[in-house]
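Reviewing the structure listed below.
Residue numbers (full-length UniProt numbering): 1 to 319.
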């Protein structure tokens with residue numbers, strides 16, 4: 001099992017290392033990465049998420065509702081706990097806290113979901129559906145929290161802070177929803193719910209963008225990391241422990257409270273037990289909000305999940 005996990009993680013580290021090398025060697029500008037950011041955040045990832053959700057049958061999404069409940073509650077609890085900790089305990093700025101929180105709360109469904117789940121439960125339509133639903137949950141029901149905070153701080157920095165926080169909320173929500181990274185998967189869910197299928201020619205046309213999404217995001221993350229000096233502090237340690245141990249245990253508690261068992265219980269816990277995702281780092285860079293803590297958590301959890309994932313795979317084997 002450890003070999004399978006290492007095999008799944010290998011592409012992540014190789015692609016990030018290539019981006020890191022390209023940035024350090026000045027093959028690409030590791031300070032001004034706006035062009036790469038636009039490609040990843042406005043084209044590649046939205047195309048991948050739209051394709052994943054629009055091809056997911058609505059009945060399949062409804063049947064996955066117990067999984068959705070566990071994933072969303074686990075991510076929301078992790079989000080609010082880490083954000084409170086980052087701002088009140090470690091005195092991080094709202095932007096830094098938002099990036100760190102999204103990095104911790106949103107597992108790396110996109111890169112690790114299918115390899116890990118497929119190795120445990122077997123590859124098949126149900127496994128692919130579970131991963132697609134997981135990605136949709138994170139994209140539609142978690143990432144807007146981070147976008148709202150980043151948009152709010154951007155507005156305040158631009159001198160548009162004369163309105164109250166509540167007064168700004170509709171504007172901020174609209175700005176978040178109009179981001180391709182949010183409306184892409186949301187549009188796919190809506191079309192799936194309405195029973196509207198996309199022409200095959202459309203899906204074929206955007207397929208290359210979707211295939212490039214994860215690789216481009218990981219390469220961009222490596223480029224961003226090449227311009228930083230990583231350090232370990234209290235926020236990084238607490239964030240890493242939360243991601244690898246506490247958040248999966250929260251998911252386990254929700255599973256037990258709901259009386260779930262079998263494949264859906266195993267899927268929910270293992271999806272949450274994945275390492276930190278790269279969305280937070282990429283989002284932050286798009287808004288000029290760098291978080292060294294988030295970058296450190298991303299690397300540490302990606303390494304240590306080689307130990308934590310086998311633990312949860314073993315613990316859930318009898319469910």
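Backbone N, C-alpha and C fix where the C-beta goes; we use that ideal spot for every residue, glycine too.
Taking buried to mean at least 16 other C-beta atoms within 10 Å of its own C-beta, is residue i buried or exposed?
i, result
"residue 164", "Its pLDDT being 48, under 50, residue 164 is placed unreliably by the model, and nothing is read from it."
"residue 200", "exposed"
"residue 16", "buried"
"residue 226", "buried"
"residue 26", "exposed"
"residue 321", "Outside the displayed range of the chain (1 to 319) lies residue 321, so it cannot be described from this structure."
"residue 170", "exposed"
"residue 231", "exposed"
"residue 174", "exposed"
"residue 229", "exposed"
"residue 205", "exposed"
"residue 136", "buried"
"residue 61", "buried"
"residue 276", "buried"
"residue 317", "exposed"
"residue 123", "exposed"
"residue 3", "exposed"
"residue 210", "buried"
"residue 120", "buried"
"residue 35", "exposed"
"residue 266", "buried"
"residue 6", "exposed"
Ends of the alpha helix (DSSP H) at residue i?
i, result
"residue 45", "45-54"
"residue 210", "200-226"
"residue 248", "247-258"
"residue 154", "143-157"
"residue 301", "292-316"
"residue 89", "No alpha helix (DSSP H) holds residue 89; DSSP gives it neither H nor E."
"residue 288", "Taken as a continuous stretch (DSSP letters only), residue 288 belongs to no alpha helix (DSSP H), as it is neither H nor E."
"residue 63", "58-63"
"residue 193", "180-194"
Would residue i pass as a contact of residue j if the rule is Cβ separation under 8 Å?
i, j, result
"residue 12", "residue 302", "yes"
"residue 197", "residue 90", "no"
"residue 192", "residue 56", "yes"
"residue 253", "residue 104", "no"
"residue 271", "residue 109", "yes"
"residue 179", "residue 51", "no"
"residue 282", "residue 30", "no"
"residue 294", "residue 99", "yes"
"residue 114", "residue 131", "yes"
"residue 274", "residue 305", "yes"
"residue 79", "residue 101", "yes"
"residue 297", "residue 243", "yes"
"residue 278", "residue 18", "no"
"residue 116", "residue 8", "yes"
"residue 155", "residue 40", "no"
"residue 184", "residue 292", "no"
"residue 69", "residue 250", "no"
"residue 150", "residue 287", "yes"
"residue 23", "residue 222", "yes"
"residue 111", "residue 214", "yes"
So who's on the other strand from residue i, going by DSSP bridges?
i, result
"residue 107", "276"
Could you tell me whether the Cβ of residue i comes closer than 8 Å to any Cβ of chain D?
i, result
"residue 26", "Annotation note: the requested chain D is absent from the structure, which comprises a single protein chain."
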